[in-house]
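In the working numbering, the protein residues as written are 6 to 74. Beta carbons: idealized from backbone N, C-alpha and C, even for Gly. Treat the numbers as computed from the prediction; the structure is a model and nothing was measured. Following: one structure in structure tokens, then a few remarks.
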């Protein structure tokens, strides 16, 4: 687990291991979410990067009661 320190300007440096693991680059935008006592930084990815992520997914399933009849 990595530890960071908040600067006097309330900035933190994301550790290199984390940046490399989730492929964050300089200038990339992150969404900030606070929940209870926790802060989450979520990379905002372009829709282009989502292309093909459902490849091989079996979409055959019953959607609701009407489809079951």
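{"Check": "When DSSP builds the beta bridges, which residues end up paired with residue 49?", "Outcome": "According to DSSP, which records beta bridges pairwise, residue 49 is partnered with nothing at all."}
{"Check": "Quick check on residue 39: does DSSP put it in helix, strand or coil?", "Outcome": "strand"}
{"Check": "By Cβ distance below 7 angstroms, which residues in the same chain neighbour residue 55 in space, the five residues on each side in sequence not counted?", "Outcome": "none"}
{"Check": "Rounded to a whole number of angstroms, what is the C-alpha to C-alpha distance between residue 19 and residue 50?", "Outcome": "17 angstroms"}
{"Check": "Any C-beta of chain B sitting closer than 8 angstroms to the C-beta of residue 42?", "Outcome": "Of the protein chains in this structure there is only one, and it is not chain B."}
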